[in-house]
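Chains as they are written, first to last, in my numbering: chain A, 1 to 344; chain B, 345 to 688. Yeah, the Cβ is synthetic: ideal placement off N, Cα and C, and Gly gets one too. Right, one structure below, let's go through it.
There are 2 protein chains.
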Amino acid sequence: MSSKKKEIEELGEFGLIEFITRDFVVKNSTTIKGVGDDAAVADYAGKKTVITTDILTEGIHFDLMYMPLKHLGYKSVIVNLSDVFAMNAKPQQIVVSIAISAKFTADMVEEIYSGIKLACDYYNVDMVGGDTTSSLTGLTLCITALGIADEDKICYRNGAKQNDLICVTGDLGAAYLGLQILEREKKVFNDSEGVQPDLSGFEYVLERQLKPEARHDIIDKLAEANIVPTSMIDISDGLSSELLHISHDSGCGCKVYSDRIPIAEETRTAAEEIGLEPLTIALNGGEDYELLFTVPVEIHAEIEKIEGVSIIGHVTDKSEGNYLITPNNAAIEIKAMGWDGVRK
Amino acid sequence: MSSKKKEIEELGEFGLIEFITRDFVVKNSTTIKGVGDDAAVADYAGKKTVITTDILTEGIHFDLMYMPLKHLGYKSVIVNLSDVFAMNAKPQQIVVSIAISAKFTADMVEEIYSGIKLACDYYNVDMVGGDTTSSLTGLTLCITALGIADEDKICYRNGAKQNDLICVTGDLGAAYLGLQILEREKKVFNDSEGVQPDLSGFEYVLERQLKPEARHDIIDKLAEANIVPTSMIDISDGLSSELLHISHDSGCGCKVYSDRIPIAEETRTAAEEIGLEPLTIALNGGEDYELLFTVPVEIHAEIEKIEGVSIIGHVTDKSEGNYLITPNNAAIEIKAMGWDGVRK
Numbered sequence: 001m002s003s004k005k006k007e008i009e010e011l012g013e014f015g016l017i018e019f020i021t022r023d024f025v026v027k028n029s030t031t032i033k034g035v036g037d038d039a040a041v042a043d044y045a046g047k048k049t050v051i052t053t054d055i056l057t058e059g060i061h062f063d064l065m066y067m068p069l070k071h072l073g074y075k076s077v078i079v080n081l082s083d084v085f086a087m088n089a090k091p092q093q094i095v096v097s098i099a100i101s102a103k104f105t106a107d108m109v110e111e112i113y114s115g116i117k118l119a120c121d122y123y124n125v126d127m128v129g130g131d132t133t134s135s136l137t138g139l140t141l142c143i144t145a146l147g148i149a150d151e152d153k154i155c156y157r158n159g160a161k162q163n164d165l166i167c168v169t170g171d172l173g174a175a176y177l178g179l180q181i182l183e184r185e186k187k188v189f190n191d192s193e194g195v196q197p198d199l200s201g202f203e204y205v206l207e208r209q210l211k212p213e214a215r216h217d218i219i220d221k222l223a224e225a226n227i228v229p230t231s232m233i234d235i236s237d238g239l240s241s242e243l244l245h246i247s248h249d250s251g252c253g254c255k256v257y258s259d260r261i262p263i264a265e266e267t268r269t270a271a272e273e274i275g276l277e278p279l280t281i282a283l284n285g286g287e288d289y290e291l292l293f294t295v296p297v298e299i300h301a302e303i304e305k306i307e308g309v310s311i312i313g314h315v316t317d318k319s320e321g322n323y324l325i326t327p328n329n330a331a332i333e334i335k336a337m338g339w340d341g342v343r344k
Numbered sequence: 345m346s347s348k349k350k351e352i353e354e355l356g357e358f359g360l361i362e363f364i365t366r367d368f369v370v371k372n373s374t375t376i377k378g379v380g381d382d383a384a385v386a387d388y389a390g391k392k393t394v395i396t397t398d399i400l401t402e403g404i405h406f407d408l409m410y411m412p413l414k415h416l417g418y419k420s421v422i423v424n425l426s427d428v429f430a431m432n433a434k435p436q437q438i439v440v441s442i443a444i445s446a447k448f449t450a451d452m453v454e455e456i457y458s459g460i461k462l463a464c465d466y467y468n469v470d471m472v473g474g475d476t477t478s479s480l481t482g483l484t485l486c487i488t489a490l491g492i493a494d495e496d497k498i499c500y501r502n503g504a505k506q507n508d509l510i511c512v513t514g515d516l517g518a519a520y521l522g523l524q525i526l527e528r529e530k531k532v533f534n535d536s537e538g539v540q541p542d543l544s545g546f547e548y549v550l551e552r553q554l555k556p557e558a559r560h561d562i563i564d565k566l567a568e569a570n571i572v573p574t575s576m577i578d579i580s581d582g583l584s585s586e587l588l589h590i591s592h593d594s595g596c597g598c599k600v601y602s603d604r605i606p607i608a609e610e611t612r613t614a615a616e617e618i619g620l621e622p623l624t625i626a627l628n629g630g631e632d633y634e635l636l637f638t639v640p641v642e643i644h645a646e647i648e649k650i651e652g653v654s655i656i657g658h659v660t661d662k663s664e665g666n667y668l669i670t671p672n673n674a675a676i677e678i679k680a681m682g683w684d685g686v687r688k
């Protein structure tokens, strides 16, 4: 950040756009024209295009009291790339729209874009346009991502078949616990003036909340192993909700085993501290941006070899419903949380 | 609208999405998969893709006191399609993200989507996805549009050449005056309880503000006449601002004649009533969504034949600057209004 605050009024809209986009360079040969015209231009040479968009609003998806602007920029890209990877596609371009209130300076906007740039660089994506405007109240970020894939590689939610193995990547529940820790410390800070937040010991869950990653590595590993999942979805709303999406769209049921659901040690510790049940959090906590996918049972051996993938159950006939099986063999019906239930 | 108010909480997020998207059918063969997965899938078979996005925020871009929700939905699509047409491309898909505050019912959201659907139907565009979320305060709409074009037909802002004719479509300034009338009547209504707004006689300028159209017809006519503009931009921020974009990006100057700038009779009348100078409004008023483009002087005769196009001047050398020439031959330098200048 420069020492002198840059005022947006001084720069003007087009000056601001130049200021925030000056460090973005085009990385993909599919990008013909980036920022600076009525629209960007792309060329996919016969590949299929996937398109996804997410909107993040202040006070609902993030709290600027504990979400650094750079992290916010980074995360806003990740949530979109995660959707592209969930189609088994490679992200190529993003467009970024941002509505900012009067309290924002150009340096603050630059901080957001420095996070966006970091994500673009790490995931090899081109930022090719957007819209920059005022907002009467909070900050809103809306990103659309485009990706490419061969037609026979695209994974939808509707391809799961009976007996398929159900797999998840990484571990679940950490991002939600990170949020709970942040909310708790915010409350302490607000209630007791001068008490600094104590976040030590929670580094893992905080990072999962504040700087999530999208699982491009898994997409690469699946491709290397010549595996095309029969269905795939990213875990943004919680495992239960995503399982039900796949079951519903594929016209099947599912059976997952509670002791196979991957939960990090740090997540268990944080859950205990907060007084929450780790399994409930892993099932219903959102924002993990891990991948949930199904593969034919015949490739059991191949899928087991892929690091970072857990087999948590299998696909059943629709008539069998959607169940979580506990170690003592109890079957609990899987239900989705409601509208913004994760955030309650 | 149904008689019983549908509550969003009852429907849940996925119920709401089903509710608002149930009437959208896929129209373009380029659309492989629309709403309902992590991302939409498109296939452009060798054509170039253009991508554009716009974000509209309550209180800045629209006022729900006088902007009907259906019109808002319609207009939010138009502003994006206008950018696609300005690339000389055909719009194919849009994704729609919407952040709504707690005061919204499902029926209100449906009204917005009925406007979006009307625009999609009229312009033959597929709505293929989006994001629906909560907002703590105002309504925000963010739309991204994709279009296709042959590589040799795409029009950028940077192709204007010295001596090219400068053309605009339709007439200018009406949308801005429509807004002024609405603001005036809102003030009267707020100040004097019970006094109903008097909008008679202002139908044209109000329609230009509340239900603008994008100039697909001009794109078709140019294609029929085998004309590819050397540069093109849509007039969203005002003619002056757009002229300067073309001059800057093309490395040239421009000379436009004040008496050639198309202004509708209704716009002159409304300007007089409000006490504003019609020419100033035509130069600086935004949101007309007309097209500004340049063509080689050699096709003067062909371009004159196209109904709805006015030749307003010509491209000059960069050293000659950007000037407006009045009937008495005074040269006034063209300057752009500042950040949101139009919205003062």
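Here the alpha carbons of Glu529 (chain B) and Val539 (chain B) stand approximately 9 Å from one another. In the displayed model, Val600 (chain B) falls within a strand according to three-state DSSP.
Proximity of chain A to Gln437 (chain B) at the Cβ level (cut-off 7 Å) is accounted for by Ile51, in chain order. Taken in chain order, the members of the stretch 132 to 144 of chain A whose beta-carbon sits within less than 7 Å of a beta-carbon on chain B are Thr133, Ser134, Ser135, Leu136, Thr137, Gly138, Thr140, Cys142 and Thr144. A straight-line Cα-Cα distance of about 53 Å links Asp198 (chain A) and Tyr520 (chain B).
Interface annotation, Tyr113 (chain A): not in contact with chain B, CB-CB separation never under 9 Å. Arg501 (chain B) belongs to the set of residues whose beta carbon lies under 9 Å from a beta carbon in chain A. Scanning the stretch 631 to 679 of chain B for uninterrupted beta strand (DSSP E) segments of 3 residues or longer gives 634 to 639, 653 to 660, 666 to 669 and 675 to 677, listed from N- to C-terminal end. Only residues of its own chain outside the window of five on either side were considered, and among them Lys48 have a CB closer than 7 Å to the CB of Glu151 (chain A), listed in chain order. Here the C-alpha atom of Tyr667 (chain B) lies approximately 30 Å from the C-alpha atom of Asn570 (chain B).
In this structure, the alpha-carbon of Gly253 (chain A) lies about 6 Å from that of Glu320 (chain A).
In the three-state reduction of the DSSP assignment, Thr49 (chain A) falls in the strand class, which pools E and B. Distance from the CA atom of Ser76 (chain A) to the CA atom of Ser114 (chain A), rounded to whole angstroms, is 12 Å. The Cβ of His560 (chain B) sits no closer than 9 Å to any Cβ of chain A. According to the DSSP assignment, Asp126 (chain A) belongs to the beta strand (DSSP E) that extends over Asp126 to Ser134. Counting only unbroken stretches of 3 or more residues, the beta strand (DSSP E) elements lying wholly within the stretch 529 to 603 of chain B are 575 to 579 and 597 to 601, in sequence order. Taking Thr294 (chain A) as reference, the option from A:Gly36, A:Lys255, A:Phe24 and A:Ala174 with the minimal CA-CA separation is A:Lys255.
Here the C-alpha atom of Ile281 (chain A) lies approximately 14 Å from the C-alpha atom of Tyr289 (chain A). Between Leu636 (chain B) and Ile577 (chain B), the beta carbon gap of about 5 Å places them in contact (Cβ cut-off 8 Å). The beta carbon of Gly286 (chain A) sits no closer than 9 Å to any beta carbon of chain B. Residue nearest to Ser236 (chain A) within the set A:Asp220, A:Ser247, A:Gln209 and A:Pro229 is A:Gln209 (criterion: CA-CA distance). Linking Ala336 (chain A) to Ile607 (chain B) through their CA atoms gives a straight-line distance of about 57 Å. Legend: CB atoms of the stretch 459 to 473 of chain B lying less than 8 Å from CB atoms of chain A belong to residues Val472 and Gly473. Listed in chain order, the positions of the stretch 160 to 189 of chain A with a beta carbon within less than 9 Å of a beta carbon of chain B would be empty, since no residue qualifies. In the three-state reduction of the DSSP assignment, Thr169 (chain A) falls in the strand class. Between Tyr289 (chain A) and chain B, the shortest Cβ-Cβ separation is not below 9 Å. For Lys392 (chain B), the nearest CB of chain A lies under 9 Å from its own CB, placing it at the interface with that chain. Nearest to Lys461 (chain B) by alpha-carbon distance, out of B:Lys447, B:Ile438 and B:Leu480, is B:Ile438.
At a C-beta separation below 7 Å, Val84 (chain A) has these neighbours in chain B: Ala383. Of all alpha-carbon atoms in A:Gly46, A:Ala40 and A:Val41, the one lying nearest the alpha-carbon of Ala386 (chain B) is that of A:Gly46.
Within chain A, Ile51 have C-beta atoms less than 7 Å from the C-beta of Leu490 (chain B), given in sequence order. Per DSSP, the unbroken alpha helix (DSSP H) holding Leu81 (chain A) starts and ends at Leu69 to Phe85.
One finds Ser97 and Asp131 in chain A with Cβ atoms closer than 8 Å to the Cβ of Asp398 (chain B), taken in chain order.
When B:Leu360, B:Ile422 and B:Gly380 are compared, the shortest CA-CA separation from Val50 (chain A) is found for B:Gly380. Taking the CA atoms as reference points, Gly147 (chain A) sits about 32 Å from Ala504 (chain B). In chain order, Tyr323 and Ile325 place their CB closer than 6 Å to the CB of Ala331 (chain A), counting only its own chain and leaving out the 5 sequence neighbours on each side.
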